[in-house]
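For reference, the structure is listed below as structure tokens.
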Amino acid sequence: MEIPGRGTWEIENLVLDFNGTIAKDGRINPKVKDKINLLGKKLKVYVLTADTRGDVAQRMVKMRAELVRLK
């Protein structure tokens with residue numbers, strides 16, 4: 001990625017929050033899931049969550065992202 005005044009940067013990792021960022025009321029919009037899967041082909045994608053409902057792993061089935069549960 002070319003950033004004016006900063007040169008070329010290579011992005012390898014993307015970190016996202018689950019609730020309120022990629023999900024609303026615990027559900028991921030299918031279009032958001034598709035975009036994450038596209039990004040996951042080129043980047044290592046991490047989704048962080050406290051997973052208070054205990055169902056984030058089920059919601060992320062078939063997603064090119066690694067779930068990271070925060071304690």
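Heads up, the sequence shown is in the numbering used here, so the first residue is 1 and it goes up one at a time. Note that CB positions come from ideal geometry on N, CA and C, so glycine has one too.
CA-to-CA distance, residue j to residue i, given in whole angstroms
i, j, result
"Ile11", "Lys44", "9 Å"
"Lys62", "Gly7", "35 Å"
"Trp9", "Gly20", "28 Å"
"Gly5", "Asn13", "22 Å"
"Val15", "Leu48", "7 Å"
"Lys41", "Asp17", "19 Å"
"Lys24", "Met1", "30 Å"
"Ile36", "Ile22", "9 Å"
Closest by C-alpha distance to residue i, when choosing among the options
i, options, result
"Ala50", "Asn19, Val61, Leu70", "Leu70"
"Gly46", "Arg64, Asp34, Lys35", "Note on residue identity: the sequence assigns Tyr, not Gly, to residue 46. Looking at the Cα atoms, Arg64 is the closest of the given residues."
Start and end residues, beta strand (DSSP E) containing residue i
i, result
"Leu141", "Outside the shown range of the chain, which is 1 to 71, sits residue 141, and nothing can be said about it."
Supposed contact pair residue j and residue i - C-beta distance, whole angstroms, cut 8 Å
i, j, result
"Arg27", "Arg59", "7 Å"
"Leu39", "Val56", "Going by Cβ atoms, the distance from Leu39 to Val56 rounds to 18 Å, so no, they are not a contact pair."
In DSSP terms, what residue i is bridged to
i, result
"Gly7", "Ile3"
"Leu67", "Val47"
"Ala23", "Asn19, Ile28"
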